[in-house]
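These protein sequence lines are chains A and B, in that order. Taking full-length UniProt numbering, the leading residue of the first sequence gets 1, the next gets one more, and so forth. Taking full-length UniProt numbering, the leading residue of the second sequence gets 1, the next gets one more, and so forth. For reference, the structure is listed below as structure tokens.
Number of protein chains: 2
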Amino acid sequence: MGTKCGGRSRPECRKSAMDIEQLARDVCDGNRRALARAITLVESSRDDHRRDAIALMDALSHTGKQALRLGLSGTPGVGKSTLIESFGMMLIREGLRVAVLAVDPSSARTGGSILGDKTRMELLSREANAFIRPSPSRTELGGVARRTREAVALCEAAGYDIILIETVGVGQSETVVAQMSDIFLLLLAPAGGDELQGVKRGIMEMADLIVVNKADGDLEPAAKRTCADYSGALRLLRKRPQDPDGFPKAMTCSALQESGITQIWEDIKFLTAWRREQGHFDARRAEQAEYWFGQEIRQGLLAQLDREPLRSHVLSLTKQVATGTLTPSGAAEQVLAALRHDTP
Amino acid sequence: MGTKCGGRSRPECRKSAMDIEQLARDVCDGNRRALARAITLVESSRDDHRRDAIALMDALSHTGKQALRLGLSGTPGVGKSTLIESFGMMLIREGLRVAVLAVDPSSARTGGSILGDKTRMELLSREANAFIRPSPSRTELGGVARRTREAVALCEAAGYDIILIETVGVGQSETVVAQMSDIFLLLLAPAGGDELQGVKRGIMEMADLIVVNKADGDLEPAAKRTCADYSGALRLLRKRPQDPDGFPKAMTCSALQESGITQIWEDIKFLTAWRREQGHFDARRAEQAEYWFGQEIRQGLLAQLDREPLRSHVLSLTKQVATGTLTPSGAAEQVLAALRHDTP
């Protein structure tokens, strides 16, 4: 067995120096440092780290522990962190262990990260039974997806009961989060009636609960109206087999005044229990695993093109294709042949 | 040299029995039977035919001939065939040679084909200088795209001056056609003002000309109103560098009464001349070639998964992933390793 890594969260150990079995045991024991180190390992794109990460995930895939995975999407300013703080603290008070992860589509471009500033969830971040992890930055959404998905599995193995996966509602990150969540919440702000069109139909179809936040003070009537609008819109959607009567549903809350938070939790528990009973819970997890398997293969195949010497070969062929010296099909055949090792 | 294939349009010759150089010469000489046979060859997915097709495309990629490629999209009933008939006959009268091809997204599912019934273009189909080819059926859109793209290049090598590429305006087929056209026309029917939302913004952004058909009889006022609506909508789009002032533009026509057809042609000629002068014409072709190169690589990579024994391997892994026996990443790694021949 290799020597254990230090407590630093960067996996700077020499190749194969990491004791994956020990790390798996520590994560399983609920050791927060080990969990943080494990997440850092799955976030690394170094080849040897990747191998270790796959071994770690494999070692932890049979713990039998299962958390409830809650996806949460909403545009900036809608009150996601305030809701996570209120909702998370309520869960902690119920004796549950809560992990908060994030998929940040913007970090790929800007290098910034949501959840980076833990003071956004001041109370929750101080709780021993809460684990908050910012989104990894500087990676493309595909990479973020894999890492978050593996971080979810790590938190699950570490014994967290509820895993909240937050994302900013832009681009394709909702799909990413929905595909790794058991229940998907869409958080909205009160708005005028014509705002309804702002939420894409595809996003609405993914939501299990639509929660209109800021139902307090002056905004309460607008929040109720927005909620009614979405209730109406949800009724127009095709009934999904995984929903009991009344779901997906729209509701209001005030994360700031902590009103409506308990109702959200009651609805989540009801929906989860129903889906478990009907077999939809496990079926959805199985579908999601298949989806990610397909995504991993696709990404792995395309990643081959980014590796030298193929990368330079593709670039040189691209120039010849652009000038018409080679046809697109002929050039592609050369690339595929190189991948098959048909060429010297 | 091998023996020449017979005149049958199915490539039923034995492997390597086809004389590709001779076929290339015949296509280049404008032999219609050879052209039809060549298109049938590029439509085949048999491995040996595919190799022959790549050799043929390569042999014909340096003829220096260049047709004007016109993409045409519109929903069913909008009058595409009537327009192609009127527009095509006008071009024939100008002494031009016209080829008509189709990308039919529905054929992948239904096995049906548009343009299958040549009587839809009764006059044009009887012209010696017109070549009409129905969409290949029973293939996925990716396959249809490659085949149509190669058919376009074959028609070009055969000396056609104008190649019309028709598609039904549903799904992603517009993008496919726009990516193989020099000029992209969107054909619309007169409609109420709120119909504007029926055309997706992305489709509108691809269009160089929006043509509102059926500007005749009772429908003329509605056609003019629809045209004005789209003119307004086009002005709101960001100015593209490849457009002179006034483009993209909306206009009306009546394919039935053959009014407005000449104006469409004048606008196409003006736009083409301007783009050629400014270098945008060649730049767009180069970009399109690069795009198709990327698509061909992607499709080729994914096609590996459909071949045995990998296909069965993937299916068996999928089951293990669904039941949780394997993680998605671990299973994907096995597939990628098998592709790298790392496994026995």
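C-beta atoms are modelled at their ideal positions from N, C-alpha and C, and glycine is treated no differently. Here the structure is a predicted model, which means the values were calculated and not measured.
Item, Value
"Neighbourhood of residue 248 (chain B) by C-beta distance below 6 Å, restricted to the same chain and skipping five residues each side", "207, 208 and 234"
"Any chain A beta carbon closer than 9 Å to residue 339 (chain B)", "yes"
"First through last residue of the beta strand (DSSP E) which encompasses residue 78 (chain A)", "It is not in any beta strand (DSSP E) - residue 78 (chain A) carries neither H nor E in the DSSP assignment."
"is_contact[residue 333 (chain B), chain A] using C-beta, thresh 9 Å", "yes"
"9 Å Cβ cutoff, residue 276 (chain A) in contact with chain B", "no"
"Beta carbon proximity, residue 328 (chain B) to chain A, threshold 9 Å", "yes"
"Local conformation of residue 167 (chain A) per DSSP, three classes", "strand"
"Residue 252 (chain B) (DSSP reduced to helix, strand or coil)", "strand"
"Proximal chain A residues relative to residue 40 (chain B), where beta-carbon distance stays under 7 Å", "Simply none; closest approach about 16 Å."
"Meets three-Cβ-pair contact criterion under 8 Å: the region 283 to 301 of chain B and the region 267 to 282 of chain A", "no"
"Under 7 Å (Cβ pairs) to chain B, residues found in the region 56 to 83 of chain A", "57, 58 and 61"
"Limits of the beta strand (DSSP E) - the one that residue 130 (chain B) falls within", "130 to 132"
"Nearest to residue 94 (chain B) (by Cα), restricted to the options B:129, B:308, B:83 and B:275", "B:129"
"Residue 51 (chain A) (DSSP reduced to helix, strand or coil)", "helix"
"Pairwise C-alpha distance: residue 38 (chain B) and residue 23 (chain B)", "7 Å"
"Contacts of residue 286 (chain A) in chain B (Cβ-Cβ under 9 Å)", "321, 322, 323 and 324"
"Integer-rounded CB distance, given that residue 288 (chain A) should sit under 8 Å from residue 179 (chain A)", "5 Å"
"Sub-9 Å separation of residue 27 (chain A) and residue 157 (chain A) beta-carbons", "yes"
"Boundaries (first-last residue) of the alpha helix (DSSP H) holding residue 303 (chain B)", "280 to 303"
"Proximity test, Cβ basis, 9 Å: residue 297 (chain A) and chain B", "yes"
"Residue 233 (chain B), enclosing alpha helix (DSSP H) - first and last residue", "220 to 236"
"Positions along the region 119 to 138 of chain A whose CB lies within less than 7 Å of some CB in chain B", "none"
"Coarse secondary structure for residue 69 (chain B), derived from DSSP in three states", "strand"
"DSSP three-state assignment for residue 184 (chain B), whether helix, strand or coil", "strand"
"DSSP three-state assignment for residue 337 (chain A), whether helix, strand or coil", "helix"
"Cross-chain neighbours of residue 87 (chain A) in chain B, by beta carbon under 8 Å", "Those within 8 Å of residue 87 (chain A) in chain B number zero; the least Cβ separation is about 28 Å."
"Residue 318 (chain B) at chain A interface by Cβ criterion, 9 Å", "yes"
"Any non-hydrogen atom of the ligand FAD closer than 8 Å to residue 334 (chain A) Cβ", "Among the components of this structure there are no ligands whatsoever, and the ligand FAD is therefore not found."
"Nearest candidate by alpha-carbon position, reference residue 256 (chain B), set B:276, B:273 and B:215", "B:215"
"Residue 328 (chain A) versus residue 162 (chain B) - alpha carbon distance", "22 Å"
"Residue-level contact to chain B via CB, residue 215 (chain A), 9 Å cutoff", "no"
"N- and C-terminal bounds of the beta strand (DSSP E) containing residue 102 (chain B)", "98 to 103"
"Chain-ordered neighbours of residue 300 (chain B) on chain A, where CB pairs are closer than 8 Å", "332, 333, 335 and 336"
"Boundaries of the beta strand (DSSP E) in which residue 209 (chain A) is found, first to last residue", "209 to 212"
"Chain-ordered chain A contacts of residue 146 (chain B) [CB-CB under 9 Å]", "328 and 329"
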